[in-house]
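2 protein chains.
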Amino acid sequence: MPPKLVASKKVYQGKISIRVDDYFLNNRMLRAEVIQHSDSVGVIPVDDKENVILVEQFRFAPKKSLIEIPAGTIEENETPVEAALREMNQEIGFKGKITPLLHWYLAPGYDTEKMYIFLATDLKMVRDRLPMDEDETIQVRKMKLKTAVFACMNGQISDCKTIAAILLVARLNDVHQ
Amino acid sequence: MPPKLVASKKVYQGKISIRVDDYFLNNRMLRAEVIQHSDSVGVIPVDDKENVILVEQFRFAPKKSLIEIPAGTIEENETPVEAALREMNQEIGFKGKITPLLHWYLAPGYDTEKMYIFLATDLKMVRDRLPMDEDETIQVRKMKLKTAVFACMNGQISDCKTIAAILLVARLNDVHQ
Numbered sequence: 039m040p041p042k043l044v045a046s047k048k049v050y051q052g053k054i055s056i057r058v059d060d061y062f063l064n065n066r067m068l069r070a071e072v073i074q075h076s077d078s079v080g081v082i083p084v085d086d087k088e089n090v091i092l093v094e095q096f097r098f099a100p101k102k103s104l105i106e107i108p109a110g111t112i113e114e115n116e117t118p119v120e121a122a123l124r125e126m127n128q129e130i131g132f133k134g135k136i137t138p139l140l141h142w143y144l145a146p147g148y149d150t151e152k153m154y155i156f157l158a159t160d161l162k163m164v165r166d167r168l169p170m171d172e173d174e175t176i177q178v179r180k181m182k183l184k185t186a187v188f189a190c191m192n193g194q195i196s197d198c199k200t201i202a203a204i205l206l207v208a209r210l211n212d213v214h215q
Numbered sequence: 039m040p041p042k043l044v045a046s047k048k049v050y051q052g053k054i055s056i057r058v059d060d061y062f063l064n065n066r067m068l069r070a071e072v073i074q075h076s077d078s079v080g081v082i083p084v085d086d087k088e089n090v091i092l093v094e095q096f097r098f099a100p101k102k103s104l105i106e107i108p109a110g111t112i113e114e115n116e117t118p119v120e121a122a123l124r125e126m127n128q129e130i131g132f133k134g135k136i137t138p139l140l141h142w143y144l145a146p147g148y149d150t151e152k153m154y155i156f157l158a159t160d161l162k163m164v165r166d167r168l169p170m171d172e173d174e175t176i177q178v179r180k181m182k183l184k185t186a187v188f189a190c191m192n193g194q195i196s197d198c199k200t201i202a203a204i205l206l207v208a209r210l211n212d213v214h215q
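Residue numbers (the working numbering), protein chains in the order written: chain A, 39 to 215; chain B, 39 to 215.
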């Protein structure tokens with residue numbers, strides 16, 4: 039039996055917000071904090087030499103620099119595909135053919151964020167490069183898909199969505215180490 | 039240049055909390071909301087017939103039932119390995135040989151949670167089964183690793199950590215579709 043929502047209250051409102059839900063489960067009242075976060079996109083750009091184009095940036099939450107797939111929040115009035123093309127433009131300066139692969143939840147135990155995952159192929163440099171978001175200082179990291187798989191296995195890449203994305207594309211492309 | 043933290047303020051305190059950081063980057067002051075969440079463990083239990091033991095539960099944030107690896111927060115005074123064994127006991131009723139694989143961040147753009155990932159083999163049913171957490175109503179889902187890989191590729195499994203974990207173990211075990 040799914041839990042039954044009894045009450046829901048917003049306790050913090052910002053870019054991210056938190057709501058506290060009271061629900062009835064197994065004959066008991068329980069309370070859960072839920073992070074409300076916009077849905078997002080992640081793109082795996084693979085060029086015609088089987089290089090994957092990743093980005094490295096300092097992340098304030100874990101306080102370290104991480105290698106990740108280009109990704110970001112879907113803006114209002116944007117479709118997931120439009121968001122994927124915008125993020126590719128902003129973060130790596132490429133456009134390409136966008137193929138939807140999957141969607142997944144990043145932390146479904148407490149966070150609403152759903153991320154749509156795309157493969158980008160037939161990559162071409164954009165002429166009308168958009169400015170990056172003001173909080174981004176990004177370095178582009180291009181590497182063979184095979185090298186990226188190895189970097190996932192040995193801990194050099196430590197972002198979960200990036201590991202899932204790279205192992206997924208490696209499996210679709212039948213890449214072995 | 040990494041950003042320089044100038045001020046940090048807690049704006050919500052619960053099981054999860056939010057802090058607002060002001061920092062200096064690219065000659066500008068910027069503000070970021072950061073979710074502070076405890077670190078956690080995820081376990082991929084694989085039996086001697088190459089079945090993986092997953093759990094299905096209703097998740098309140100995405101409002102749907104998801105298939106996931108056994109996982110949970112590391113309690114105070116617990117090591118990650120102890121947490122992995124406790125979660126296996128509570129969620130699936132097994133103990134086993136625990137091998138550390140990786141750690142990864144679930145949503146490093148705004149969330150501090152780091153998850154330690156373990157492989158569990160030599161599985162044995164526990165005699166001293168611990169009670170589940172009060173907010174958990176879990177169904178155990180045992181399936182061939184190969185079937186789990188297929189469920190990741192076709193969207194039946196839509197939890198990012200579970201997709202990363204299963205594709206990782208499939209690659210380590212050299213499982214093909």
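We put the CB at the ideal spot given by N, CA and C, even for glycine.
message = Rounding to the nearest angstrom, what Cα-Cα distance links Ala45(B) and Tyr61(B) in this structure?
response = Within the second sequence, numbered from 1, the residue matching residue 45(B) stands at position 7. Within the second sequence, numbered from 1, the residue matching residue 61(B) stands at position 23. A direct Cα-to-Cα measurement between Ala45(B) and Tyr61(B) gives close to 7 angstroms.
query = What in chain A is Cβ-close to Asn64(B), meaning under 7 angstroms?
reply = As a working note, residue 64(B) is residue 26 in the second sequence. Close to Asn64(B), with beta-carbon spacing below 7 angstroms, are these residues of chain A in chain order: Thr175.
task = Compute the Euclidean distance between the alpha carbons of Gly131(B) and Met181(A), then round it to the nearest angstrom.
result = One-based indexing of the second sequence puts residue 131(B) at position 93. One-based indexing of the first sequence puts residue 181(A) at position 143. Approximately 42 angstroms, taken between the alpha carbons.
query = Which ranges does the alpha helix (DSSP H) cover as unbroken runs of at least 4 residues, wholly within the stretch 62–135 of chain A, from first to last along the chain?
reply = As summarised for the stretch 62–135 of chain A, the continuous alpha helix (DSSP H) elements at least 4 residues long and confined to that stretch are 118–130, given in chain order.
task = Measure how close the beta-carbons of Ile204(A) and Ile91(A) come, nearest whole angstrom, since I'm counting them as under 8 angstroms.
result = Against the first sequence, residue 204(A) aligns to sequence position 166. Against the first sequence, residue 91(A) aligns to sequence position 53. A Cβ-Cβ distance of about 12 angstroms is found for the pair Ile204(A) and Ile91(A), leaving them out of contact under the 8 angstroms criterion.
ask   = Whose C-alpha, out of Ala122(A), Glu113(A), Glu129(A), Ile56(A), is nearest the C-alpha of Arg167(A)?
value = If you number the first sequence from 1, residue 167(A) lands on position 129. Comparing Cα positions, the closest option is Glu129(A).
message = Can you look up Ile56(A) in the DSSP assignment and give me helix, strand or coil?
response = Here residue 56(A) is taken as the residue at index 18 of the first sequence, counted from 1. Of the three classes helix, strand and coil, the one that applies to Ile56(A) here is strand, per DSSP.
request  = For the stretch 179–206 of chain B, enumerate the residues whose C-beta is nearer than 8 angstroms to any C-beta of chain D, in chain order.
outcome  = Of the protein chains in the structure, A and B, none is chain D.
request  = Look at Ile73(A) and Ile73(B) and say whether their C-beta atoms are less than 7 angstroms apart.
outcome  = Position 35 of the first sequence, counted from the first residue, corresponds to residue 73(A). Position 35 of the second sequence, counted from the first residue, corresponds to residue 73(B). Cβ atoms of Ile73(A) and Ile73(B): closer than 7 angstroms.
Start and end residues, alpha helix (DSSP H) containing Ile187(B) = Taking the second sequence and counting its residues from 1, the one referred to as residue 187(B) is at position 149. What sits at residue 187(B) in the sequence shown is Val, not Ile. Membership of Val187(B) in the alpha helix (DSSP H) is indicated by the continuous run 183–191.
query = Thinking just about the alpha-carbon of each residue, which of Lys162(A), Lys199(A), Ile112(A) is nearest to the one in Glu106(A)?
reply = The count along the first sequence starts at 1 and reaches residue 106(A) at position 68. Residue Lys199(A) is the option with its Cα nearest to Glu106(A).
message = Can you tell me whether Thr175(B) is helix, strand or coil according to DSSP?
response = Indexing the second sequence from 1 puts residue 175(B) at position 137. Here Thr175(B) sits in coil by DSSP.
inquiry  = Would Lys53(B) pass as an interface residue toward chain A - the criterion being a Cβ-Cβ separation below 7 angstroms?
reply    = Numbered from 1 along the second sequence, position 15 holds the residue referred to as residue 53(B). With 7 angstroms as the cut-off, Lys53(B) counts as an interface residue toward chain A.
ask   = With burial defined as no fewer than 16 other Cβ atoms inside 10 Å of the residue's Cβ, what is the status of Thr111(A): buried or exposed?
value = Here residue 111(A) refers to the residue found at position 73 of the first sequence. Buried is the call here.
ask   = How far does the alpha helix (DSSP H) with Val207(B) in it reach, from first residue to last?
value = For this step, residue 207(B) is matched to residue 169 along the second sequence. Counting along the chain, the alpha helix (DSSP H) containing Val207(B) begins and ends at 198–210.
ask   = So which residues on chain B does Thr150(A) lean against when the C-beta distance must stay under 8 angstroms?
value = Start at 1 with the first residue of the first sequence, and residue 150(A) comes out as number 112. Within chain B, the residues near Thr150(A) are Ala99, Pro100.
ask   = Going along chain B in order, which residues have a C-beta closer than 7 angstroms to the C-beta of Pro138(A)?
value = Taking the first residue of the first sequence as 1, we reach residue 138(A) at position 100. Going along chain B, no residue has its Cβ under 7 angstroms from Pro138(A), so there is no contact; the nearest lies around 10 angstroms.
key: Among Trp142(A), Asp212(A), Lys42(A), nearest to Asn192(B) - alpha-carbon criterion   = On the second sequence, residue 192(B) is found 154 positions in, with the first residue counted as 1. Checked all of Trp142(A), Asp212(A), Lys42(A); the closest Cα to Asn192(B) is Trp142(A).
inquiry  = Measuring straight from C-alpha to C-alpha, what distance separates Thr159(A) and Glu174(B)?
reply    = Your numbering for residue 159(A) matches position 121 in the first sequence. Your numbering for residue 174(B) matches position 136 in the second sequence. If I take the Cα positions, the gap works out to 42 angstroms.
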